[in-house]
Structure formats: C-alpha cells, structure tokens
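A.B. asks: Dropping the structure in here first, questions after.
Protein chains: 2
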Amino acid sequence: MIEAVVDALRPLVGDRVSTAESVRAHHGRDEGWHAPAAPEAVVFARSTEEVAAAVDACRCHGVPVIAFGAGTSLEGNIAAVRGGLTIDVSQMDAVLEVNVDDLDCRVQAGVTRSALNKVLARDGLFFPIDPGADATLGGMTATRASGTNAVRYGTMKDNVLGVTAVLADGSVVHTGTRARKSSAGYDLTRLLVGSEGTLGVITEVSLRLYGLPEVIAGAVCSFATLAGAVRTVIEAIQMGIGMARLELLDEVQVEACNRFSGVGLPVAPLLLVEFHGSAVAVEDQVATFAGLARAHGGAGWQSTTDRAERDRLWAARHEAYYAGKALRPGALAIPTDVCVPISRLAECILDTRADIDASRLVAPIVGHVGDGNFHVVVLFDPDVPAELDAALRLNERLVARAQAMGGTCTGEHGIGCGKLEFMAGEHDAATLAMMRSIKSALDPTGILNPGKVLPVADG
Amino acid sequence: MIEAVVDALRPLVGDRVSTAESVRAHHGRDEGWHAPAAPEAVVFARSTEEVAAAVDACRCHGVPVIAFGAGTSLEGNIAAVRGGLTIDVSQMDAVLEVNVDDLDCRVQAGVTRSALNKVLARDGLFFPIDPGADATLGGMTATRASGTNAVRYGTMKDNVLGVTAVLADGSVVHTGTRARKSSAGYDLTRLLVGSEGTLGVITEVSLRLYGLPEVIAGAVCSFATLAGAVRTVIEAIQMGIGMARLELLDEVQVEACNRFSGVGLPVAPLLLVEFHGSAVAVEDQVATFAGLARAHGGAGWQSTTDRAERDRLWAARHEAYYAGKALRPGALAIPTDVCVPISRLAECILDTRADIDASRLVAPIVGHVGDGNFHVVVLFDPDVPAELDAALRLNERLVARAQAMGGTCTGEHGIGCGKLEFMAGEHDAATLAMMRSIKSALDPTGILNPGKVLPVADG
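Read top to bottom, the protein sequences are chains A and B.
All residue numbers for the first sequence refer to our numbering, where the first residue is 1283 and numbers rise by one.
All residue numbers for the second sequence refer to our numbering, where the first residue is 1283 and numbers rise by one.
Below, the structure written as structure tokens:
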C-alpha cells in the first residue's frame, strides 16, 4: 500500500518522498523515552496543496498519515505505531505575514518558535509560548503546548487565532477570521488545537502576538517550605500582580542545579519569577511580590532588570533538565506532566516527593507553579528493568493523585500513545464517547495518526 | 408528538411543564427584532437529570429541543422555528462552588451574571464578562458572549473552564478538569462554547474568576478624528498598557447621549477607558494613555478613580442604547455586530457612517474598540416596510464590508437564525462541511435547536 502512495506522490514532489532507512528511523523517534516506531515512508511537504495530495493518496490506499514538525514531542505523539506515511512539514518554514497593528501573524506549520521570534523582534514583537524544545508552531498547536509564560500569556489554546488544516478526506479548511473574536459557528480552531494530528494535518497557523515589554525584571527567592512558596503565588495571582513567569524548583532540583551549574543556591524550595511591563509597573510588581514572599517565609530575595544579571538568575531554570539528568549519568528520564488546581499544588508535590523518596528513585521536581503544572524528571537505568517498572508505577500513582485532585495527566505534553491508559481516569465514558464521535465523523477510516489520543473503546 | 413528550415529563416535573399560551409566547421571543416563534411546550428544569430526561423524551419522539436562559439573545437564538420543547433553565440558579484560591467557580446554567457577581463580591472576586443584558451564564456560554471588558479579560471562550451538557442522545458529558490547563484530548469545552444549543444543552458551567482590582480609574477623551481615537487604542495595546475597557462612541451616538442624559459632551468621536490595578500601576497607565491620546488629537481628557465620578463618566455608555433609540421614539432597532481587525476599524466605521448617511437612516455607532467589534443601532419604523428593507440592506453591506476586511458578521451575538445567510460569506465550503459533520455526528436526527447556526447545505 505504501508503494502506491509513494508512486502517487513521486511526480509531484520528486525525491522529497523517501523510504530510506535513516530518514524513516529519524521520523519514528521523538525526545521522549518511548520505543521508536518508524513510518514506511516520509514526504517533505512544501505547501498545503502537497499535504492535501499526500493525505488524499493515503486515503485512497488506506495508509496511516502522521504529521511531523521538529520531532520534539515527549509521548510518542509522532510515532508511526501502525506504519504509514509521515508528512514532515519542517520545510514549510515561511512567516507569511506579520500585522503589527493587529498584533497577529500567519506562519507555515514548520516555522520554529525561535525562528519566529527572530523575525518578530524586528518589529518589537514576540510570541510568548515557550516549550522547552525549539518546537515548530504546527507541532505546538497540535499538542496544545505551553511553557514558562502561561501564567501571564496562556497556552496555545489562547494564542492560536486560526489554522489551515487538511482533513482526512483531503479537503482544506480555514478556521477563524482575522477579527479578535467571533461568535459565528463552531470553534474549529480550538478543536484542532490539541488534536495531535488525529483530526487534521495543520499546515498554517495564525497567532496572537505581544509587544516586547519595556522592562523585564527577574527575581529569585528561597522558601522555608514549599507551602510558603505556593501560598505566595496564590496570593500574588489573586492580587492580579501579573507575573509573566513563575517557576518552582524543589530542593532536589536546586541541589542538582548547584552541582551542575555551580549557582550556589540554598538547598530549599526556590521560586523564579519574571515581571513584564513599564518601569513603574514592574517596580511596583516586584515590591508587592517581595512583600508577599517575605510574609510566607521567603528569604534571599534578589531581583534585577539587568539582562545579563537576569539571564544568570534564570540559568538554573534553563539547565534544570540537564542538571537533573546529570544526577545519574547514563540514565533515561520519564518527564511527567500533571497539572492540578493550584490550591492542591503544595500537597500534590509534597505527596509526590514522599512517594519518590520511598521508591528510592532519583527524581527532581520543577514546575510552572502559576498554572499548577509540574514535571518530575524520573531517572531510571535502562539496563535495569525493575527501575523502569518502578518509575512507571511512580508516574501512575502521580497521575492518579493529580486526577483525584481534579487535575489532569498532562498539562502540556499531550496524550500521544504514552498516556492513552490515563484518559479513562480523566474523562467519563460519555465524554470519551463524544470525542470518539467527533473522530469518527471527521476521519471515518481512521487514517490520521492512528493509535493516539483516544484509547480503544471497551466492549 | 409534543403531547407524548409532555406526558413523559409530567410524572417527573409536575406542573413545571406547560403548554399555556402565555408561557409559550414568552419563550418564543428574545430581545432582538426578529419575528417570534413559540415552542409547543416549555419545561422548567431544576437539575441536569431533568434536562437529560427532557432531551431523551424529545429524542424518542423526534421533537425539537431549545435551551432557554434569560431570553436576552438578539438573533432569534432561542426562537422555536420548528416548534418543539423549550427547556427553561432559569430555575437552575445555584452557585455550586467558589474556589477562592483557584480563582474558579461552578454554577448552574441559569445563574445570571449579576447574581454571580453579587455572590463573588463577598470574597473580593468578580467575573468580568458583561454583555449588555443580565444574561444567564449558560446562555452566555452558548452564545460565546463578551462585552466591554474583553480587551483585558477575553470572552466566554477564554473564561469557561468546563461545562456539563446533555447531548442529543440524552448522555451527560463533563468537559474540562479543575486544572488551569490540559492537553488530554479534544477541547470539548470550546466546542460547546458558542454552539448555541445545537450540539448539547449546557446545564453547568465552570468559570475563571479574577480578584477585584485595588483601584479602578475611568477616563473620557474626545478626538478630532475617529482615526486618531483608533490609533491611540492600537498603540496603547502594542505598549501592553492593559486597559480593562475601551469603548468608542461616534459623534451621532455622542449627540444622542447629550440629548438623553444631558452629559454635554463635545459632539466628536469619544473614547471611554477604564484601568484596573494597583494604585501605582493605574496612575502609570492613565498617564501613558493620556499622552498617547494627546499625540493623536485627543482633547478634554478627564480621569478619576472616584467611584461616583467614574459612574458619571460611564453613564453615557450605559445609556447609549436607550439614547440611540430615543432619537426616534417608536422605532425598532437592528443591533449589528461586526468585528474586524483593529487595523481596519477606523476605515470600516467611516465607510459605514457614510453608508448610513447616504441611506438617510438614523443609526448611532458604539463599539468595543479594543477588539475591533462595533454595533450600529439601525433604527427603523416597523410600520414602513421600505425602512426595514433599507435597514436590512445596510446591515448586509456592513457584513460584506467586515468580511472583506477579514472580519466576522458577529463578534458576540451569535448566528441564531438571524445571521444564517452570512455564514457562507465567512467560512468556505470545506469549513462549513466540517461544522456540519460534527453536528451530524453529535445530533444525527437534528433535534437540538434546529434551524440555527448552520445554513442548509446547497445542492
């Protein structure tokens, strides 16, 4: 079947369709720990029309279609678990328009966030969503990604204004308008955001932009207790202080950063905060936040608007993942991703820390505390099966704990194939059935990224 | 058929199901100018279970189902154009939970926005979305409503965290989690927001809340030109000043307000602005905005943080609709609702003003200028058919103008049955087909609010 698809595409794309072993292998593996699954062929598309032709060929021959951007997903979201054709959109890397007055832009799906921000900086603008990796905007849209700025700027859900996508029948849809808001029909944009390529292949994205802040201030503060750090954050959000970033490192992560980056921080829960705005507003925000931090056991408060100084303050955060992994050279990591109501965050992290310590695994914790989203980097030796098993059990308990608190198994990484087993614990049967109805209606033969997002129905 | 539905519900709800003429008539008319269409019966539901039973009875007997909150829609969104059963949720008026630390709450669909804000004020919180009418949260969710605060706080799309809804098959879904963000599956919340009762009947809504600002400042400023007012707004947004409200009145609306409220404002385009935040931040915002306004021909700048004074400044805006209608006693009004990219707003309003003047109709303009959304209150004498015809042609040209600029036929009122004809001008055939696929999958027999949102497909 794949041969027929390749033959159909060859006249259109020439040698941009490939069945070479190395190309296939590269497209079967993301940055997570899951087993790779290579597609049978890869096409490097350069236009929406080529994507439509590829989907149409796959539809005719019943071949699975997997969309691929930078390959930086973590839950096997791009793994070709049932073979098929991977559509690599990384060559669709044009910034199509930037509208300064409207604070929006339109990009092809393969533009990376760093490439976009380079272009935008010329006009004094930026796009805030920053997952750890330099992902593509198409991939970030498909995964409903977020990052360290979500407490102020939201997630991809809040910043995608519209998409162009190819549906399973080969048709091309354009969702949204250029207006800032609309009540004209179903919100197809938000339906495609986070659908992980199972409802359509995203080829273009329109994004909301922001003016670069006049002043950026960074700050760090250690806390006697994790609860004190979280309490500070809760009250700061209630007061509407408007922090742009709010990151929490637990004491294990702080120690890892001290060893890795030599930052010499007190081994205690640490908040890293960033403020954006006018000079006057930022000064006011910093002072108010510092006062709250002091009231909740914060110590060693340092803030600065100097860029070099700020970069130094944030170095620990930026290197946190590598610092964590360096605690056990050669180990692999399960990057967990639960998100809970912020009122339960301290409890969830403390219970998880106790669980980690009881399991004897090494696992630092770092979190987007303003959203209630945190990551445990669970290290395991791939040559010791019992360790992987213990790490997986730890993650299962963590997800169950978060879901019992009204939270989610994934704040920003998506379901892929890695978290299918947790969907039934999060959505009841009727709600999952509603998702399946939509999937069946839009992709009746199931060719779009099969084996992802929706677990197989019981019975 | 309706008799069978009434008989099925009677044992469950007693005399809360009615076929009385007056009850039916009340539920067939909203606050718009469209012809009323009464349902055959009305049930006053008190729980999700009762709504599910009503939907299930209607499904069994092939009877249309229309959800009804406060009846304040404007486009016939609640009209029973094919008869059937209206489910009135106004007695489902309980605020089920308020979580101060998480800044969220859960309410039954019949809670009105003013009732909610009364409860929230006890905890120093508020819910910002404020359509003109005192609508229910269920209705506001179904219509994807917004209001004067959208420039800062977004629309219902941004502030609904999850819903409970009854689907066409009688099943009950719970969308979203209590976490602030999630990447676990399709965004059913956003699919139901704005679906106007055509995909499910919303029975409960979870909402994002905000702390009441420490300081609120109001300001007014007149401009020599409309373009100067819009330019001020564009630059203020680019600078991230963070205005909470930004309303524009054109000179016809200002004159109407002068006559109606005796506010004695210069007859020129007027901006009304509101700033929320700490004392220091608000002072900074006011000063920066005032400077921008001056640079763009603003005059007569007045600002105040005094509540009585602020209320006086905003009186003109609050009474604008009545002031407009008072220009022609006895006239009816078509409240238009286009929204365009803000870069095109001045041009769109000026072209529309010229069009109004050429048509010899009386029609003041008031707009949520930060979003690019504005309303023309087109007055017509219901006893003069040529006037209604002229008013409708004016609205058609306005919608075509907005859509040609990349905008939408409705920023916040919804499609209902009043704007069905404009959907094909806004969404291409494939995109409309995608909406129809979803509708067919979730409501295969078409019992949910038939004749709304989606125009009948061609051919």
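Even glycine gets a Cβ: it sits at the ideal position worked out from N, Cα and C.
So, is the C-beta of Tyr1492/B closer than 8 Å to a C-beta in chain A?
C.D. replies: The count along the second sequence starts at 1 and reaches residue 1492/B at position 210. Judged by the 8 Å Cβ criterion, Tyr1492/B is in contact with chain A.
A.B. asks: Over what stretch of residues does the alpha helix (DSSP H) that includes His1308/A continue unbroken?
C.D. replies: The residue labelled residue 1308/A in the question sits at position 26 within the first sequence. It spans Glu1303 to His1308 - the alpha helix (DSSP H) in which His1308/A sits, taken as one unbroken run.
A.B. asks: Which ranges does the beta strand (DSSP E) cover as unbroken runs of at least 3 residues, wholly within the region 1598–1653 of chain B, from first to last along the chain?
C.D. replies: Counting only runs of 3 or more, we get 1614–1617 and 1647–1650.
A.B. asks: For the region 1575–1584 of chain B against the region 1509–1525 of chain B, do three or more pairs of beta-carbon atoms, one drawn from each stretch, fall closer than 8 Å, so that the two count as touching?
C.D. replies: Yes, they touch.
A.B. asks: Would you decide whether Cys1342/B is buried or exposed? Buried here means 16 or more other CB atoms lie within 10 Å of its CB.
C.D. replies: Here residue 1342/B refers to the residue found at position 60 of the second sequence. Label assigned to Cys1342/B: exposed.
A.B. asks: Report the partner residues of Gly1365/A according to the DSSP bridge assignment.
C.D. replies: On the first sequence, position 83 is the one that residue 1365/A refers to. According to DSSP, Gly1365/A bridges with Val1363/A.
A.B. asks: What whole-angstrom Cβ distance do Arg1718/B and Leu1702/B have, given they're in contact under 8 Å?
C.D. replies: As a first step, residue 1718/B must be located in the second sequence, where it is residue number 436. As a first step, residue 1702/B must be located in the second sequence, where it is residue number 420. That belief does not hold up - the Cβ atoms of Arg1718/B and Leu1702/B are roughly 13 Å apart, past 8 Å.
A.B. asks: Tell me the residue span of the alpha helix (DSSP H) that contains Leu1702/A.
C.D. replies: Translated into positions along the first sequence, residue 1702/A becomes position 420. Element bounds for Leu1702/A: n/a, residue is neither H nor E.
A.B. asks: Compute the Euclidean distance between the alpha carbons of Asp1588/B and Gly1500/B, then round it to the nearest angstrom.
C.D. replies: For the purposes of this step, residue 1588/B is identified with residue 306 of the second sequence, where counting begins at 1. For the purposes of this step, residue 1500/B is identified with residue 218 of the second sequence, where counting begins at 1. Using only the alpha carbons, I get a separation of about 8 Å.
A.B. asks: Restricting to Cα atoms, I'd like to know which of Ala1668/B, Glu1669/B and Cys1691/B is closest to Arg1679/B.
C.D. replies: Along the second sequence, one-based indexing puts residue 1679/B at 397. Comparing Cα-Cα distances from Arg1679/B to each of Ala1668/B, Glu1669/B and Cys1691/B, the minimum goes to Cys1691/B.
A.B. asks: Can Gly1479/A and Ala1334/A be called in contact, C-beta distance under 8 Å?
C.D. replies: Position 197 of the first sequence holds residue 1479/A. Position 52 of the first sequence holds residue 1334/A. No, they are not a contact pair.
A.B. asks: Identify which residue in Gln1535/B, Val1562/B and Ala1561/B has its Cα closest to the Cα of Pro1551/B.
C.D. replies: As a working note, residue 1551/B is residue 269 in the second sequence. The residue with the shortest Cα to Cα distance from Pro1551/B is Gln1535/B.
A.B. asks: By DSSP, does Cys1503/A sit in helix, in strand, or in coil?
C.D. replies: The sequence position of residue 1503/A within the first sequence is 221, counting from 1. Residue state, collapsed to three classes: strand.
A.B. asks: Could you tell me if Lys1721/A is buried or exposed, where buried requires 16 or more neighbouring beta carbons within 10 angstroms of its beta carbon?
C.D. replies: Along the first sequence, one-based indexing puts residue 1721/A at 439. By the neighbour-count rule (16 or more Cβ atoms within 10 Å), Lys1721/A is buried.
A.B. asks: Is it buried or exposed for Leu1402/B, if we count other Cβ within 10 angstroms and need 16 for buried?
C.D. replies: Translated into the one-based positions of the second sequence, residue 1402/B becomes position 120. When all chains shown are included, Leu1402/B counts as buried.
A.B. asks: If we define contact as Cβ-Cβ less than 8 Å, is His1456/A a contact residue for chain B?
C.D. replies: The residue given as residue 1456/A occupies position 174 in the first sequence. Cβ-Cβ to chain B under 8 Å: yes for His1456/A.
A.B. asks: With H, G and I counted as helix, E and B as strand and the rest as coil, what does DSSP make of Cys1539/B?
C.D. replies: As a working note, residue 1539/B is residue 257 in the second sequence. Residue state, collapsed to three classes: helix.
A.B. asks: Looking at chain B, which residues of the region 1655–1676 of chain A have a Cβ within less than 9 Å of any of its Cβ atoms?
C.D. replies: Residues passing the 9 Å Cβ filter: Asn1655.
A.B. asks: Out of Phe1704/B, Phe1542/B, Leu1356/B and Val1287/B, which one is the CA nearest neighbour of Glu1332/B?
C.D. replies: By one-based count along the second sequence, residue 1332/B stands at place 50. Among Phe1704/B, Phe1542/B, Leu1356/B and Val1287/B, the Cα nearest to that of Glu1332/B belongs to Val1287/B.
A.B. asks: Name the chain A residues that come within less than 7 Å of Asp1383/B, Cβ to Cβ?
C.D. replies: Taking the first residue of the second sequence as position 1, residue 1383/B is located at position 101. Within chain A, the residues near Asp1383/B are Ile1516, Ile1624 and Ser1625.
A.B. asks: Are the CB atoms of Asp1633/B and Leu1676/B within a distance shorter than 8 Å?
C.D. replies: Within the second sequence, numbered from 1, the residue matching residue 1676/B stands at position 394. Within the second sequence, numbered from 1, the residue matching residue 1633/B stands at position 351. Going by C-beta atoms, Leu1676/B is not nearer than 8 Å to Asp1633/B.
A.B. asks: Apply the 10 Å Cβ neighbour rule to Thr1485/A and answer buried if 16 or more other Cβ atoms are within range, or exposed otherwise.
C.D. replies: For the purposes of this step, residue 1485/A is taken as residue 203 along the first sequence, with counting starting at 1. Buried, because 16 or more other Cβ atoms sit within 10 Å of the Cβ of Thr1485/A.
A.B. asks: Mind listing which residues of the region 1584–1618 of chain A have their C-beta closer than 7 Å to chain B's C-betas, in chain order?
C.D. replies: Under the 7 Å Cβ criterion, the region 1584–1618 of chain A contributes no residue.
A.B. asks: Taking Gly1693/B as the query, report the chain A residues whose CB atoms sit under 7 Å from its CB, ordered along the chain.
C.D. replies: Within the second sequence, the letter at position 411 stands for residue 1693/B. Those within 7 Å of Gly1693/B in chain A are Ala1461, Lys1463, Ser1464 and Ser1465.
A.B. asks: Is the shortest distance between the beta-carbon of Ile1647/B and the beta-carbons of chain A less than 8 Å?
C.D. replies: Translated into the one-based positions of the second sequence, residue 1647/B becomes position 365. Not closer than 8 Å to any Cβ of chain A, the Cβ of Ile1647/B fails to qualify, so no.
A.B. asks: Can you tell me the Cβ-Cβ gap for Arg1527/B and Glu1556/B, rounded? I've got them flagged as a contact below 8 Å.
C.D. replies: Here residue 1527/B refers to the residue found at position 245 of the second sequence. Here residue 1556/B refers to the residue found at position 274 of the second sequence. Correct: roughly 4 Å between the Cβ atoms.
A.B. asks: Which same chain residues end up closer than 6 Å to Gln1685/A when comparing Cβ atoms and leaving out the 5 residues on each side of it in sequence?
C.D. replies: Reading the first sequence from its first residue, position 403 is the one you call residue 1685/A. Excluding positions up to five away in sequence, the list reads Gly1707 and Glu1708.
A.B. asks: When Cβ atoms are compared, which residues of the region 1704–1726 of chain B fall closer than 9 Å to chain A?
C.D. replies: Under the 9 Å Cβ criterion, the region 1704–1726 of chain B contributes Phe1704, Met1705, Glu1708, His1709, Asp1710, Ala1711, Ala1712, Thr1713, Leu1714, Ala1715, Met1716, Met1717, Ser1719, Ile1720, Lys1721, Ser1722, Ala1723 and Leu1724.
A.B. asks: Give me the Cα-Cα distance between Arg1472/B and Leu1470/A, rounded to the nearest whole angstrom.
C.D. replies: Within the second sequence, the letter at position 190 stands for residue 1472/B. Within the first sequence, the letter at position 188 stands for residue 1470/A. Straight-line Cα distance between these residues: approximately 9 Å.
A.B. asks: Between the alpha carbons of Gly1310/B and Ala1317/B, how many angstroms are there, rounded?
C.D. replies: Mapped onto the second sequence, residue 1310/B falls at position 28. Mapped onto the second sequence, residue 1317/B falls at position 35. Cα to Cα, the separation comes out at about 9 Å.
A.B. asks: Determine the contact status of Cys1539/B and Ala1602/B, defining contact as a CB-CB distance below 8 Å.
C.D. replies: In the second sequence, counting from the first residue as 1, residue 1539/B sits at position 257. In the second sequence, counting from the first residue as 1, residue 1602/B sits at position 320. Closer than 8 Å, so yes.
A.B. asks: With a threshold of 6 Å on Cβ separation, who are the neighbours of Leu1294/B within its own chain once the five nearest residues in sequence on each side are excluded?
C.D. replies: Taking the first residue of the second sequence as 1, we reach residue 1294/B at position 12. Result list for Leu1294/B: Ala1335, in chain order.
A.B. asks: If I follow the unbroken beta strand (DSSP E) through Phe1571/B, where does it start and stop?
C.D. replies: The residue you call residue 1571/B lines up with position 289 of the second sequence. From DSSP, Phe1571/B is part of no beta strand (DSSP E) but of the alpha helix (DSSP H) over Ala1561 to Ala1577.
A.B. asks: Using a C-beta cutoff of 8 Å, does Asp1633/A count as contacting chain B?
C.D. replies: Here residue 1633/A is taken as the residue at index 351 of the first sequence, counted from 1. It does not: the Cβ of Asp1633/A has no partner Cβ on chain B nearer than 8 Å.
A.B. asks: Considering Cα atoms alone, identify which of Ala1682/B, Ala1645/B and Val1448/B is closest to Leu1670/B.
C.D. replies: The sequence position of residue 1670/B within the second sequence is 388, counting from 1. When each option's Cα is compared against that of Leu1670/B, the closest is Ala1645/B.
A.B. asks: Span of the alpha helix (DSSP H) holding Thr1713/A?
C.D. replies: Here residue 1713/A refers to the residue found at position 431 of the first sequence. Counting along the chain, the alpha helix (DSSP H) containing Thr1713/A begins and ends at Ala1711 to Leu1724.
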